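Worksheet for the structure shown next.
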Amino acid sequence: MVDAPETGVIAAPRRGRGQSILPVLRRMAAMPLKDPFAFAGLTIYVLFALVALLADQLAPVDPLEILFTKAGKVAANLGPSGEFPLGTTNLGRDIYAQLVHGTRSALAVGLSAAIIVATVGTVVGLVAGYFGGTTDAVLMRIADMALSLPFLPFVIVLTGFLGADTSNIVLAVALLLWPNSARVIRSQVLSLRERAYVEAARVTGASHARILFVHIAPNILPLSFVYAAIAIGWAIITEASVNFLGFGDPTSVSWGMMLQDAFTSQALSRGQYAWFVPPGICIILVVVAGFFISRGYEEVFMPRLRGR
Amino acid sequence: MILEVDGLQIHYGTAGGTVRAVDGASFAVPEGRIVGLVGESGCGKTTAVRAIMGVLAENGRRAGGRVVFKGKPIDETNTRPLLWRDIAYVPQSAMSSLDPVYTVGAQIVEVLTKRGRHGKTAARARAAELFDLVGLSENRLRDYPHQFSGGMRQRAAIAMALALEPSLLLADEPVTALDVIVQRQILDTLRALQQRLKLSMVLVTHDISVVAYLCDEVVVMYAGQVIESGPVREVLGRPRHPYTMGLRNAFPDLMSDALELVPIAGSPPDLADPPPGCRFTPRCPFALAACSTRPAAIGSDRAGAGNAHVSACLRDGEADHLRTFALDPVTWQRSSAYATS
Amino acid sequence: MRLVVERFAHNALALLAVTTILFFMFRLMPGTPLAAFINENLNADQQQAMLEQFGLDRPMWQQYFIYLGNLLQGEMGLSFFQRRPVTTILLEVLPNSIVLTLTSLIVAYIFGVLAGAWLAWRRGSWIERVAVPVVLATRAAPEFWIGMVLLALLSFNAGWFPSGGASSPGLAYDSNWERMLSLDYLHHLALPALTLALYLQGLPLLLMRSNMLEVMHEEFVTMARMKGLSEWRIVIGHAARNALLPVVTAFALGVGLSMGGNVVIETVFSWPGIGRLLVQAVSVHDYPLAQGAFLMIALVLALMNFVADLLYMVLDPRVSHGRRA
Chain A
1 MVDAPETGVI AAPRRGRGQS ILPVLRRMAA MPLKDPFAFA GLTIYVLFAL VALLADQLAP
61 VDPLEILFTK AGKVAANLGP SGEFPLGTTN LGRDIYAQLV HGTRSALAVG LSAAIIVATV
121 GTVVGLVAGY FGGTTDAVLM RIADMALSLP FLPFVIVLTG FLGADTSNIV LAVALLLWPN
181 SARVIRSQVL SLRERAYVEA ARVTGASHAR ILFVHIAPNI LPLSFVYAAI AIGWAIITEA
241 SVNFLGFGDP TSVSWGMMLQ DAFTSQALSR GQYAWFVPPG ICIILVVVAG FFISRGYEEV
301 FMPRLRGR
Chain B
1001 MILEVDGLQI HYGTAGGTVR AVDGASFAVP EGRIVGLVGE SGCGKTTAVR AIMGVLAENG
1061 RRAGGRVVFK GKPIDETNTR PLLWRDIAYV PQSAMSSLDP VYTVGAQIVE VLTKRGRHGK
1121 TAARARAAEL FDLVGLSENR LRDYPHQFSG GMRQRAAIAM ALALEPSLLL ADEPVTALDV
1181 IVQRQILDTL RALQQRLKLS MVLVTHDISV VAYLCDEVVV MYAGQVIESG PVREVLGRPR
1241 HPYTMGLRNA FPDLMSDALE LVPIAGSPPD LADPPPGCRF TPRCPFALAA CSTRPAAIGS
1301 DRAGAGNAHV SACLRDGEAD HLRTFALDPV TWQRSSAYAT S
Chain C
2001 MRLVVERFAH NALALLAVTT ILFFMFRLMP GTPLAAFINE NLNADQQQAM LEQFGLDRPM
2061 WQQYFIYLGN LLQGEMGLSF FQRRPVTTIL LEVLPNSIVL TLTSLIVAYI FGVLAGAWLA
2121 WRRGSWIERV AVPVVLATRA APEFWIGMVL LALLSFNAGW FPSGGASSPG LAYDSNWERM
2181 LSLDYLHHLA LPALTLALYL QGLPLLLMRS NMLEVMHEEF VTMARMKGLS EWRIVIGHAA
2241 RNALLPVVTA FALGVGLSMG GNVVIETVFS WPGIGRLLVQ AVSVHDYPLA QGAFLMIALV
2301 LALMNFVADL LYMVLDPRVS HGRRA
């Protein structure tokens, strides 16, 4: 539509000079206010972070402790009540306490995977996109290779054989997820590299490091952030899946462990919905929060899609 | 008059408020003539043409005015039966206007069978005939749009527009994307077909040389309004609105006496918040105080079968005098004394 | 044609890389690959004999090429626990995985494409505002959890579906085909397939919706309007036909991806497929079987990536029909 106003097609995050990081940070901070989805996503993160921090206050009971009723019997398979908001497991453990404490391991897994994915993805993307040539070709072939590994089977084989350690899960997830963010960031860098201000910096003799980190990196920061948000979700789902399949760390309390426990203890046939529905809802909420934030990013930083 | 547009108003709802892309435009197309609709990009010429066909962007709406086709008022509710059978369209970029996943032939056949009364076989024969008419080999019907060159695609688009023998052809910058030699060829094809098929035509363009080459009449638009119109020879030969005078200076082909091209300083006004009076005031070297308060008004007059030369300029009476100044590049370096922005 | 060869080479190389990674991963695992065979009763000589029998006394690079050579012949060794050729075991369960994957993908894509196109057409309506977050939530839910909820509701509570397996005990069939075409098999298939479909429909739905929105703004769609074509013809014949291209490609990719993802679903529903086999093999440290199952999944993934490339070329004339100007 030639005469229609606002036809500005912007593929890269729109920003003037790229001289400082502050405007990007300001726009990122303002993003949740501009987009209701991003706001919802961020709110979910904040709530879960609070629960994780205050877990001991919110649920003073040890999630693995075997509880007894007043009559002195094991408090097994109890329904929700004032004392046990979500009931108890077949071994007499407090489900609510497990749910609350599970938030900690979920966030720990999610955040550590997100940090690794975002860091590796950003650095590889920056280097490959900026230097191009052989460096780019080699890095992208490695990325292709990592992407052609079947995701969950790889994580299972790795954790199954290396041992049921949460850090192995995080490692496996990071190993498979960085290529996605690296690829997108690389293509973003490719377009940024040609911008006038980068050209100007190069002509005035700025070092590679300076151009990369002062002029280019701030522009892709929002993108790294989005991939981190998505990685949080993936890591938590993967950790839950691995736990569910029985390759998790049996001593840690996590949502995946709760689901596996419920599944193998016949909670399904007993209809103990309060046992296995809440952990699933929690996982959905955290993962969806990541989706919402990436959607908010598109709306705010890629206005082409706005209003569609 | 085959088509009359009267006080047309097209509004786009945007985040920055209502944009009046077309704000009270009036013009008429005489039967069997080619009328050039000329102006800078963003002046509302494309929007006006699309509005005639009742096809606007989602956020656009017709807020006022009348469009009369063959004596019958038309709007979005009753245009559809006329489309392609009576009013057809030649797009600026045939590349993006042709569906990439179908062959060009299939797309012409689609129009012939879905909008016309042709059967499949008859449609294929007719498509070949149309290709022949616009100078394309009929075995190219089996090709996909991306396999055509720019000029061929444009020819194919013309063939498609002529499929159902429309009486009015709306061509939106039909040659803009092409190189000069191909432009000539396509314009020649268009003129030949127009004369042979007794077509009436509206040709939207920003290129005054195209108007001079092909059109019988011209309508000059500025910031959503018509500011001057009339027979091509008169309007381009003896322009009466300062904008047309400036526009003429900005194009090489027509200037026999001036040696340098003189762009008009400044840029068109924001259509979400246009200046109150004549919209050219801020850029006009001849503007008076009254220009920034009195809205532009253009009359209409007949001259035989066509339209007479009219201008919306307040100083229309002094046009001959102003024109001599307008030829001097220095005139256009002066910023308006009544610039509001 | 050059493109086809290029894509084939690309995917074949990726597969080779995966195979290589896998080989060294398994060799570098803690413990000897023969741990399951070797017990304390064997003396050093016997152990050595065993190592030689399996070719494990040779240098790593020789082992690698022997392994590749064997793979090319479809030879993946013996399962430690089942004491049967890995290839035989894999081929037994593969049809179950394929049936489950294809059934659920087809259901998911038919639904997703229709619903996505419909939501694009109803853009801006309240139904769209509700549907998009709900669909996002189904994409965010762990597959196995959806399976657990459906299992509890529809199998244990309502009793409409069996709770697991691929056939009822005690039934015997003359052939595998007969078994897979039986009502009993379909009855077992329904719930896992529904679960998987529910999880998978989000991708085609959202993809179709955003493609449609994108395509509806294309000039050729406006052009179709100008031609006075019917709304149906514009939306289906032009917009949807174009919007469908990436979705079809995503379908082929989806076959490869969900073969791997099926691991959890097959476990939830005790579906005797390749994913469940992998899980079992890993949990009992049956290296050859785990390796074989993993390779089979990787092979399907690479194959479907290639098919996706081919489909894209066939469906998009801009790729399949070269320039001709």
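Residue numbers (our numbering), protein chains in the order written: chain A, 1 to 308; chain B, 1001 to 1341; chain C, 2001 to 2325. The C-beta atom is built at its ideal place from N, Cα and C for all residues, glycine as well. Computed from a predicted structure; not experimentally measured.
* Are the stretch 2190 to 2197 of chain C and the stretch 2216 to 2229 of chain C touching by the rule of at least three beta carbon pairs closer than 8 angstroms? -> no
* Where in the stretch 1042 to 1116 of chain B do unbroken runs of the alpha helix (DSSP H), each at least 4 residues long, occur, reported from the N-terminal end onward? -> As far as the stretch 1042 to 1116 of chain B is concerned, its whole alpha helix (DSSP H) runs of at least 4 residues are 1045 to 1052, 1094 to 1097 and 1104 to 1114.
* Asked: Shortest alpha-carbon distance to B/L1236 belongs to which of B/V1218, B/Y1222 and B/G1277?
  -> B/V1218
* Asked: Going along the chain, which unbroken runs of the alpha helix (DSSP H) with 4 or more residues stay wholly within the stretch 118 to 155 of chain A?
  -> If we require 4 residues or more, the alpha helix (DSSP H) runs fully inside the stretch 118 to 155 of chain A come out as 133 to 147.
* Going by alpha carbons, who is nearest to B/D1301 out of B/F1131, B/S1149, B/P1276 and B/F1027? -> B/F1027
* Taking 8 angstroms as the CB-CB cut-off, is C/L2119 touching chain A? -> no
* To do: Classify C/N2070 as buried or exposed, calling it buried when 16 or more other Cβ atoms lie within 10 Å of its own Cβ.
  => When all chains shown are included, C/N2070 counts as exposed.
* Assign A/E239 to one of two classes, buried (16 or more other C-beta atoms within 10 Å of its C-beta) or exposed (fewer than that). => buried
* **Minimum Cβ-Cβ distance from A/S254 to chain C less than 8 angstroms** => At a cut-off of 8 angstroms between C-beta atoms, A/S254 does not count as an interface residue with respect to chain C.
* **Same chain only: Cβ atoms within 6 angstroms of C/V2107, ignoring 5 sequence neighbours per side** => A2197
* Can you tell which of B/A1305, B/C1284, B/A1088 and B/V1067 has the C-alpha that lies nearest to the C-alpha of B/S1167? -> Measuring from the Cα of B/S1167, the nearest candidate turns out to be B/A1088.
* Asked: Could one say the Cβ of B/M1201 lies closer than 8 angstroms to chain C's Cβ atoms, at least one of them?
  -> no
* Starting from the Cα of A/G280, find the closest Cα among A/R295, A/S265, A/R270 and A/W255 and give me that residue. => The shortest C-alpha separation from A/G280 is found at A/W255.
* Asked: When DSSP labels each residue in this structure, what does B/Q1225 get in the three-state scheme?
  -> strand
* Asked: Among all the DSSP beta bridges, which residues are the ones paired with C/S2320?
  -> DSSP output for C/S2320 lists no bridge partner at all.
* **Short CB-CB distance (under 8 angstroms) between A/G280 and chain C** => yes
* To do: With 8 angstroms as the limit, tell me which residues of the stretch 1144 to 1173 of chain B have their beta carbon closer than that to any beta carbon of chain C; keep them in chain order.
  => Those residues of the stretch 1144 to 1173 of chain B that come within reach of chain C (Cβ to Cβ, closer than 8 angstroms) are Y1144, H1146, Q1147, F1148, S1149 and M1152.
* Tell me, please, whether the CB atom of A/L58 is closer than 8 angstroms to any CB atom in chain C? => no
* Is the stretch 123 to 132 of chain A touching the stretch 168 to 188 of chain A, taking contact as three or more C-beta pairs under 8 angstroms? -> yes
* C/L2301 at chain A interface by Cβ criterion, 8 angstroms -> yes
* Asked: Who are the neighbours of C/P2142 on chain A, taking C-beta pairs under 7 angstroms?
  -> I237, A240, S241, G280 and I283
* Counting only runs of 4+ residues fully inside the stretch 2156 to 2200 of chain C, write out the alpha helix (DSSP H) ranges in chain order. => 2176 to 2180 and 2183 to 2200
* **Beta-carbon separation (whole angstroms), B/L1107 vs C/H2321, contact threshold 8 angstroms** => In the sequence as displayed, the identity of residue 1107 of chain B is Gln instead of Leu. Cβ-Cβ separation between B/Q1107 and C/H2321: approximately 15 angstroms, too far for a contact (criterion under 8 angstroms).
* So B/E1163 and B/V1111 are in contact, right, with Cβ under 8 angstroms, and what is the actual spacing, rounded? -> The question names Glu, yet the displayed sequence has Ala at residue 1163 of chain B. Contact holds; Cβ gap of about 5 angstroms.
* To do: Check each candidate in C/S2175, C/R2139, C/L2078 and C/F2251 and name the one with the smallest Cα separation from A/I284.
  => C/R2139
* Might you give, ordered along the chain, the residues of its own chain that have their beta carbon closer than 8 angstroms to the beta carbon of B/M1053, omitting 5 neighbours on each side? => T1079, L1083, I1087, Y1089 and L1170
* To do: Can you check DSSP and say which residues form a bridge with C/E2128?
  => Answer is none; C/E2128 lacks a bridge partner.
* Rounded to a whole number of angstroms, what is the C-alpha to C-alpha distance between C/W2145 and C/V2135? -> 16 angstroms
* Asked: For the candidate residues C/T2103, C/E2092 and C/H2238, whose alpha-carbon lies nearest to that of C/S2175?
  -> C/E2092
* **Start-end ranges of the alpha helix (DSSP H) lying completely within the stretch 258 to 304 of chain A, minimum 4 residues** => 273 to 301
* Asked: For B/R1050, which residues from the same chain have a beta carbon less than 7 angstroms from its beta carbon, with the 5 sequence-adjacent residues on both sides left out?
  -> L1056
* Counting pairs of beta carbons, one from the stretch 243 to 251 of chain A and one from the stretch 150 to 165 of chain A, are three or more of them closer than 8 angstroms? -> yes
* Asked: Quick one, which of B/S1096, B/A1272 and B/A1250 has its alpha-carbon nearest B/P1263's?
  -> Comparing Cα-Cα distances from B/P1263 to each of B/S1096, B/A1272 and B/A1250, the minimum goes to B/A1250.
* Assuming B/L1141 and B/A1127 form a contact by the criterion Cβ under 8 angstroms, report the distance between their Cβ atoms to the nearest whole angstrom. => 6 angstroms
* To do: List the endpoints of the continuous alpha helix (DSSP H) containing A/L190.
  => T166 to R193 is the span of the alpha helix (DSSP H), which, as asked, contains A/L190.
* Given that B/V1005 touches chain C, what residues does it touch there, using C-beta distances under 8 angstroms? -> Going along chain C, no residue has its Cβ under 8 angstroms from B/V1005, so there is no contact; the nearest lies around 17 angstroms.
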